[in-house]
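Asker: Take any residue in the sequence shown, note its place counting from 1, add 80, and you have its number in our numbering. Idealized CB from N, CA, C, for every residue including glycine. Attaching a single structure in structure tokens format; questions to follow.
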Amino acid sequence: MTHWLFSLIMAVALLSPLSTPQSSSAEPQRVRAKIGVQIKSGERVFSAKSREILKPDDLLRIFVHPEIKSFIYVIHDDQQTVLLLNATEQKQNVSTLALPSLQEFYQADRNHPIEQITIIISPQEIPELSAMVDADISPAKWREIEQRLSVMSRIDLTTENETPFTIAGNVRGPGRGPGRGATQDMGFINDLKIFSGNGLLVKKYEFQIKK
């Protein structure tokens, strides 16, 4: 595909089918996950900040490890086109999702100066995001949805410190079994930061592509 920022170095990972919606609980629960974007720029490998400047052709890999069984949505917005990169239910609580996979990267595209990746984690399926599997939406519509979900998920981060939780088990690509190459990335994975949300979790990264 050529209309979005990140092209795969190898084959594009397929989306896994979504499962049956679950009933929502009366009280929103704290949703937590370890999330990180690994950047490979030449020989340098590092963890992306929420806002980062990239060089054209820099490589990116996304890691997501929910604390509990969750639906994981990953959306890419290049200000012109919105693309759903992932819509899966992470059924195994002890597995880490790697996108596009442990053998692949997304690649920065010099044709778009601003690129955004939003990771949304929810214990229940979010129908309007699942619908993006079959239907494109405009950037304006996506930002409206993103803003509403972000407001819903906000919590007072000053009230308490995050209690660590352990990453164990396999590292997986979407719809795949344990990935090869997990051992060499375990140091990065073990250092992933914990993010929290109220009822759901929204984590956004913005990349400026420096020509």
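Find out if the Cβ-Cβ distance for the pair G279, V111 is shorter than 8 Å.
Answerer: Yes, Cβ-Cβ distance for G279 and V111 is below 8 Å.
Asker: Tell whether a beta-carbon distance below 8 Å holds between E205 and F151.
Answerer: In contact: E205 and F151 (Cβ atoms closer than 8 Å).
Asker: Does DSSP put K290 in a helix, in a strand, or in coil?
Answerer: In the structure shown, K290 sits in coil (DSSP, three-state: anything other than H, G, I, E or B).
Asker: Going straight from the alpha carbon of K114 to that of H145, what length do you get?
Answerer: For K114 and H145, the distance between alpha carbons rounds to 5 Å.
Asker: If you compare alpha carbons, which of I200, P136, V117, R141 is closest to S130?
Answerer: Minimum Cα distance to S130 is reached at V117.
Asker: Restricting to Cα atoms, I'd like to know which of F275, E224, I142 is closest to A128.
Answerer: A128 has its Cα closest to that of I142, out of F275, E224, I142.
Asker: I believe L164 touches V213 by the beta-carbon criterion, under 8 Å. Please report the beta-carbon distance rounded to the nearest angstrom.
Answerer: Indeed they touch by this definition, with Cβ atoms about 6 Å apart.
Asker: For V125, which residues from the same chain have a beta carbon less than 8 Å from its beta carbon, with the 5 sequence-adjacent residues on both sides left out?
Answerer: Correct list, in chain order: Q118, I119, F268.
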